[in-house]
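2 protein chains.
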Amino acid sequence: MKAKVHVTFKEGVLDPQGKAVRTALAALGFDGVNRVRQGKYIELELEESDPARARENVENMCRQLLANTVIETYAIDIAEQ
Amino acid sequence: MKAKVHVTFKEGVLDPQGKAVRTALAALGFDGVNRVRQGKYIELELEESDPARARENVENMCRQLLANTVIETYAIDIAEQ
Numbered sequence: 001m002k003a004k005v006h007v008t009f010k011e012g013v014l015d016p017q018g019k020a021v022r023t024a025l026a027a028l029g030f031d032g033v034n035r036v037r038q039g040k041y042i043e044l045e046l047e048e049s050d051p052a053r054a055r056e057n058v059e060n061m062c063r064q065l066l067a068n069t070v071i072e073t074y075a076i077d078i079a080e081q
Numbered sequence: 082m083k084a085k086v087h088v089t090f091k092e093g094v095l096d097p098q099g100k101a102v103r104t105a106l107a108a109l110g111f112d113g114v115n116r117v118r119q120g121k122y123i124e125l126e127l128e129e130s131d132p133a134r135a136r137e138n139v140e141n142m143c144r145q146l147l148a149n150t151v152i153e154t155y156a157i158d159i160a161e162q
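Protein sequences appear in the order of chains A and B. Numbered according to this note's numbering, the first sequence spans residues 1 to 81. Numbered according to this note's numbering, the second sequence spans residues 82 to 162.
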């Protein structure tokens, strides 16, 4: 079973990496980019075959390691592969 | 118009960050994780309102800045917002 996790900054948290990307894009001539947010994308291959349990496991992984829940939020996508 | 970009290592390219995450998960007691791949997730807010032109623009951004196409591959998702 595959899990796809997106970890992004919470709304209102400064995203310096995203800002740097926007500035660099503008310097390259890409106008019309109003906003850039950069986050992490993590793909996990799990032995678990029950989607509900897989999601619960990945939730725990996010809380304990993958995301800093003070400033980041996460979204989990469970795929049957 | 919103664009969502996933930048991941090409198949076969070593992903030390993903490996480190897997090791850390195992140390925390999360067994049954066979593989972890970590990539970047970038959200762009564009002024462009034509989906085809927006995709073309973002393709160019990926090739010129967002992805290192020697070792990375990218996927673009255009959303009407």
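For every residue, glycine included, the Cβ atom is placed at its ideal position computed from N, Cα and C.
Item	Value
Proximity test, Cβ basis, 8 Å: Y122/B and chain A	yes
Beta carbon proximity, V70/A to chain B, threshold 8 Å	no
Bridge partner(s) assigned by DSSP for R116/B	E45/A
Distance CB(M142/B)-CB(F30/A) smaller than 8 Å	yes
Closer than 7 Å at the beta carbon, the chain A residues around A160/B	Those do not exist, as A160/B stays about 14 Å from chain A at its closest Cβ, beyond 7 Å.
Test: E11/A CB closer than 8 Å to a CB of chain B	no
For A84/B and L125/B, the rounded distance between their alpha carbons	5 Å
Contact set for P51/A: own chain, Cβ-Cβ below 8 Å, skip 5 residues either direction	M1, I78, E80
Under 7 Å (Cβ pairs) to chain A, residues found in the segment 108 to 135 of chain B	L109, F111, G113, V114, N115, R116, V117, R118, Q119, G120, K121, Y122, I123, E124, L125, E126, L127, E128, E129
Burial state of A27/A, where buried means 16 or more other Cβ atoms lie within 10 Å	exposed
Cβ pair L127/B, N138/B closer than 8 Å	yes
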